[in-house]
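Taking it in order: structure first as structure tokens, then the write-up.
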Amino acid sequence: MNNGDQWSHCLTGRGLTYLLLTLAAFTATAAGAVEKSAVKADFPRLGGYQIGANPYPDSYADPAYHRDLAKLDLVILGGGVRQMTKFAKAIKAISPNTLVGKYTNVAAVFPNSSYGKVLAEKLASEQGPNTTNARDWFLRDWDGNIVTGATDGTQRANITEWVRPDANGLRWPDFRARFDYDYWFEDPVWDVWFSDVVNWQPKYQNRGDLGDFSGSQDTPTTEVNTAWRRGHQSHWNAIRRLRPDVMILANLNWYLYQDAYDKWDLVEYDRQVEGALLELVMRPDGGIEKNKGWHKLYDYYRWTMSYLTEPKLVMFNVGGNPGDYRWFRYTFATCLMGDAFFDYSPQSKYQYGTVEWFDEFDRAGQDRTNWMGRPSEGMPTAAWKNGVWRRDFQNAVVLVNPRGNGPRTVTVESGLRRLEGKQAPAVNNGEPASSISLADGDGIVLVKASYLSGTPRPRSPGLTIEP
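By the numbering used here, the letter at position 234 of the sequence shown is numbered 290, and the numbering carries on one by one without gaps.
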């Protein structure tokens, strides 16, 4: 029986398997025996949000794509086919330490694929909060239309407890976790379960109105918001029962709630997941940094770390022209003020499908991508000099000058050198560093001379990470 037929019959053939998995998860958790994949401790940490179109001839099946992704430390893959597990294994065969995650979105289905078609059929076959407009598990508007998403063909699901359970006592969040487990996550190659669009409140609207989650127009918005968050929490709980070893990484915006209400009290989200995606938070012409300022972005960055459980797996995703090295330095240096994995997305049709490479990652090919070592301190709490921020690592010093601070010149101590690079030789010229001039919205990575005088550690052929 294929996967679609199996799940169309509401998982009745998997009840015993699921019970055993639940008991095993409970036993392992109670014994403290759950081990998650190791996370790279040295810097820089490099990530890739690879869910979109890509330029490789064979897409996710392309060996050249696998080799490029294996250069990274954390990769999130899209794709709606079973073979994604095969491609994840190909990446792991090259770089066993690369953390590999799979994209999912519990609140949406894409019915134009065989995978999504089965899910859409399930949503249509179950009973919703009422028998009129909100008649099934789809999220519908007040006229009974399915609420759609930004991507063509995307249909939204009602993830709340207002829908009626199916014959097995499941609602959508639990069902979807089991479905995706059977489809992909049963294989331990997946280190990370990625959960998209985990906002603090639902944003899905048809003609300006929120979808009908409860079956009644009289339900207060605050109750809808809470039910929405509980839906995500139920989904994560189901994931824990199935894969207690997997790390959950959510694409979130919870900092907007904390900023608006000057508090953090969303108990459904607090310390529930290990990771977060900060998506396109810096762009030359948009994003949080442009619209609200660097310091507000930095607050959001710090707050996000506080929402998570260890190992606090954050991907710091930015957008820009790969040839704009000043913008790259600014975004990279900002990311390095914290412990996130850096991901640079080109502003093109391949926004989420390329691996951009910069001299700072491996000292222009002279080193491995752990060359900076570990940070000597946590996230800085104040500027270092003249509004310029600084963070020290075992083998490097990072400076960032926030946009809006104006051009700044700062003096650094002896024993630091500029990188010897190829992409921006006027900046990374290999010379001793003393007086550093930074444009408004700029950054720089300096290397400690003591590190350069040690034994060189050239990278392995074809790899840029520690084997």
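Using N, Cα and C, we set each Cβ at its ideal position, and we do this for glycine too.
Among the options, the one whose alpha carbon lies nearest that of residue i
i	options	result
residue 218	286, 112, 385, 334	286
residue 266	449, 280, 167, 120	280
residue 212	373, 473, 163, 112	163
residue 442	450, 189, 448, 467	467
residue 185	166, 209, 161, 215	215
residue 312	360, 149, 327, 323	360
residue 235	298, 105, 91	298
residue 289	327, 379, 314, 319	327
residue 171	226, 232, 322, 478	232
residue 318	335, 340, 356	356
residue 368	382, 350, 374, 397	397
residue 256	411, 244, 277	277
residue 178	229, 474, 114	229
residue 411	420, 400, 419, 421	400
residue 470	450, 462, 505, 500	505
residue 222	205, 208, 180	180
residue 182	193, 479, 463	193
residue 160	197, 220, 118, 237	237
residue 473	463, 272, 491	491
residue 169	152, 354, 138	138
residue 477	152, 385, 440	385
residue 107	252, 227, 197, 413	252
residue 444	350, 203, 143	350
residue 321	362, 208, 334, 174	362
residue 293	226, 440, 113	226
residue 343	375, 366, 136, 370	375
residue 209	370, 348, 354, 173	173
Cβ neighbours of residue i in the same chain (closer than 7 angstroms, five flanking residues each side left out)
i	result
residue 417	100, 102, 425, 520
residue 140	116, 133, 158, 240
residue 176	165, 167, 211
residue 199	189
residue 147	122, 125, 126, 131, 154, 156
residue 509	none
residue 109	405, 406, 409
residue 507	451
residue 129	96, 101, 102, 103, 154, 155, 397, 521
residue 295	233, 249, 302, 304
residue 150	122, 123, 126
Residues of its chain near residue i, where Cβ-Cβ distance is below 8 angstroms and the 5 sequence neighbours each way are ignored
i	result
residue 269	185, 190, 195, 214, 216, 218, 258, 275, 280, 283, 284
residue 358	394, 435
residue 487	473, 474
residue 86	Low confidence applies here, because residue 86 scores a pLDDT of 41, under 50, leaving its location unreliable; read the following figure in that light. Cβ within range, chain order: n/a, list empty.
Nearest-angstrom Cβ-Cβ length linking residue i and residue j, presumed shorter than 8 angstroms
i	j	result
residue 364	residue 332	6 angstroms
residue 459	residue 345	7 angstroms
residue 489	residue 502	5 angstroms
residue 323	residue 306	The Cβ separation is near 15 angstroms, so there is no contact.
residue 431	residue 383	Contact flag wrong, Cβ pair sits at about 23 angstroms.
residue 336	residue 420	With 8 angstroms as the limit, residue 336 and residue 420 do not qualify as a contact, their Cβ atoms being about 27 angstroms apart.
residue 484	residue 415	6 angstroms
residue 449	residue 429	5 angstroms
Any non-hydrogen atom of the ligand FMN closer than 7 angstroms to residue i Cβ
i	result
residue 301	You won't find the ligand FMN in this model; it holds no ligand whatsoever.
Contact set for residue i: own chain, Cβ-Cβ below 6 angstroms, skip 5 residues either direction
i	result
residue 308	254, 332
residue 105	132, 373, 399, 408
residue 220	183
residue 272	none
residue 118	112
**Request:** Write down every uninterrupted run of the beta strand (DSSP E) in the stretch 214-293 whose length is 3 residues or greater and which is fully enclosed by it, in chain order.
**Result:** Unbroken beta strand (DSSP E) stretches of 3 residues or longer found wholly inside the stretch 214-293: 248-254, given in chain order.
**Item:** alpha helix (DSSP H) segments (min. 4 residues) lying fully within the stretch 384-454
**Value:** Within the stretch 384-454, complete alpha helix (DSSP H) segments of at least 4 residues are found at 415-418, given in chain order.
**Asked** Hey, is the stretch 445-459 in contact with the stretch 388-401, meaning 3+ C-beta pairs nearer than 8 angstroms?
**Response** Below 8 angstroms, enough C-beta pairs join the stretch 445-459 and the stretch 388-401 to call them touching: three or more.
**Request:** Output the residue ranges of the beta strand (DSSP E) runs that lie fully inside the stretch 82-148 and measure 3 residues or longer, sorted by chain position.
**Result:** Listed in chain order, the complete beta strand (DSSP E) runs (minimum 3 residues) inside the stretch 82-148 are 103-106, 130-133.
**Request:** Taking 8 angstroms as the threshold, find out whether the stretch 248-255 comes into contact with the stretch 291-306 through three or more Cβ pairs.
**Result:** Contact between the stretch 248-255 and the stretch 291-306 is present, because at least three Cβ pairs lie under 8 angstroms.
**Item:** the stretch 428-439 touching the stretch 489-500, judged by at least three CB pairs closer than 8 angstroms
**Value:** Contact between the stretch 428-439 and the stretch 489-500 is absent, with fewer than three C-beta pairs closer than 8 angstroms.
**Item:** Runs of beta strand (DSSP E) wholly within the stretch 184-218 (minimum 3 residues, chain order)
**Value:** Counting only runs of 3 or more, we get nothing.
**Complete runs of the beta strand (DSSP E) confined to the stretch 310-362 [at least 3 residues]** = Fully enclosed beta strand (DSSP E) runs of 3 or longer: 331-338.
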